[in-house]
Amino acid sequence: NLVDLPTINVMTKVLNKSGCGEAEYQQAMYEAVKGHHKYWSQKKLKEERVGYFAMPLLALAKLTYQKYGFRLGFETDYVPEAFYTRNMPEPSYSFLDIYKS
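Position one of the sequence shown corresponds to residue 299 (my numbering), numbered consecutively onward.
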């Protein structure tokens, strides 16, 4: 599979308890992005908006950046650096206060 297996490979590197090296992560991510591109560049899928971003890879890039400070080491529109390096605001759960007794 062009998308799932490379994504799982990145996931196992990022979530490994003993950690992961930056070069190892970057190589796995590069292969995953290549697979994403190859899959979503097929003639029958080329115009599908779902493939514009590699959302699972973007989530893993964000997690890896927060956990290790690693960047991809290459540029791709599928996993924009501005998306995974941006500081995210703390979530607010105040809307749940209406359910307090």
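Built from N, CA and C at the ideal position, the CB exists for glycine as well.
- Taken atom to atom, the span from the alpha-carbon of Pro354 to that of Tyr397 is near 33 Å.
- If you draw a straight line from the Cα of Ala352 to the Cα of Tyr391, it is about 28 Å long.
- By the Cβ rule, the segment 333-342 does not count as touching the segment 308-320, because fewer than three pairs are nearer than 8 Å.
- With respect to the C-alpha of Tyr337, the residue from Val308, Thr310, Asp302 having the closest C-alpha is Asp302.
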